[in-house]
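190 is the number of the first residue of the sequence shown in our numbering; add one for each residue after it.
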Amino acid sequence: AYTALLAVGERELAAEAAVLAGVTETNRGNQETVWENIELAQALIVDAPPSRSKAFVLHWMALAYSLAGRSDEALEAGRAALAIAEELDLADVRANALSTIGITRVSLGDLGGMADQKRSIEIARASNSVDVIRSPGNLASCQLESCQISRARETLGEAATVAHRFGSVWYRDWIGPERVTYQHYAGEWDDAVRGVDQLEREIAGGDLTSFMEGGNRTVRARIRLARGDVDGALDDMRRTRDLARLARNP
């Protein structure tokens, strides 16, 4: 799509295609491809005037930076996207940008990012945007980071409900597997292990990406170790280590 759009002079749409291709590769752990596409998109919009496409690209760049632990760049791109979205009244981009800004701030220890997340949810709900899935999902992650485990689980449940309503791939790749973490904390260890086993089968069958595999295997490793299965725990952590080296992000 990027090449075809660029060939007919649609530079901003080509930038959108490139940045989406990059973010999609994040879920597969192909970081070299991620950044190749991000750089293509950035080059196309850097001197462009404010527009929906520029805000769109800046937001997804912010997400890529945030996932890579490049927090300063994530905040800069996210705030630039937010400024354009507010100027042009782009509700979906506002919701996404605030969500990314919020989760990045919380990752830096700034709990003021929680307010960004809540604003993001309000905007997404008011516009009936599919981004109402991502916004509570990220808020749940922030609540978990700040030890609000029960509240985080409730928020994730809200995200799952909305994901089902929209039929979103976010549920299968992220929200569904994320439940394993909460089952672990709640002492529902058998359910957590079954969840990881199911995830492995779906990845092996090509139904899911490996986006959540490392986190899920870490949970299962802890459960296995607590149950005395040292070899099983080490197997999980070796695979988690290999996935982390491939993904090259926090």
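Beta carbons are placed, not taken as given, at the ideal position from N, Cα and C, and that holds for glycine.
Remember, predicted model here, so these are calculated numbers, not experimental data.
Limits of the unbroken alpha helix (DSSP H) element including residue i
i	result
Phe355	Ile338 to Phe355
Asn327	Arg323 to Glu334
Arg416	Unbroken run through Arg416: none, as it is neither H nor E.
Asp149	Outside the shown range of the chain (190 to 439) lies residue 149, about which nothing can therefore be said.
Ser296	Ala280 to Ser296
Asp386	Trp378 to Ala393
Glu199	Run containing Glu199: none; DSSP gives neither H nor E here.
Leu239	Per the sequence shown, residue 239 should be read as Pro rather than Leu. Looking at the DSSP string, Pro239 is not in any alpha helix (DSSP H), and its letter there is neither H nor E.
Arg368	Gly365 to Tyr374
Residue i vs residue j beta-carbon contact at 7 Å
i	j	result
Tyr254	Ala244	no
Ser330	Thr293	no
Leu247	Ala270	yes
Ala393	Ala410	no
Ala280	Ser316	yes
Arg428	Arg406	yes
Ile273	Pro239	yes
Asp362	Phe400	yes
Ala352	Ile322	yes
Gln306	Leu328	yes
Backbone CA spacing between residue i and residue j [nearest angstrom]
i	j	result
Gly365	Leu345	9 Å
Leu209	Glu402	22 Å
Ile312	Glu276	15 Å
Thr203	Met250	What sits at residue 203 in the sequence shown is Ala, not Thr. Looking at the two C-alpha atoms, the distance is approximately 14 Å.
Ala286	Tyr371	26 Å
Ala433	Val408	15 Å
Ala375	Ala230	43 Å
Leu297	Val197	42 Å
Asp425	Glu343	28 Å
Ala207	Ser318	22 Å
Residue i burial status per 10 Å Cβ neighbour count (16 or more: buried)
i	result
Glu228	exposed
Pro325	buried
Ala284	buried
Thr215	buried
Val385	buried
Asp320	buried
Pick out the complete beta strand (DSSP E) segments inside the stretch 248 to 272, 3 residues or longer, and give them in chain order.
-> none
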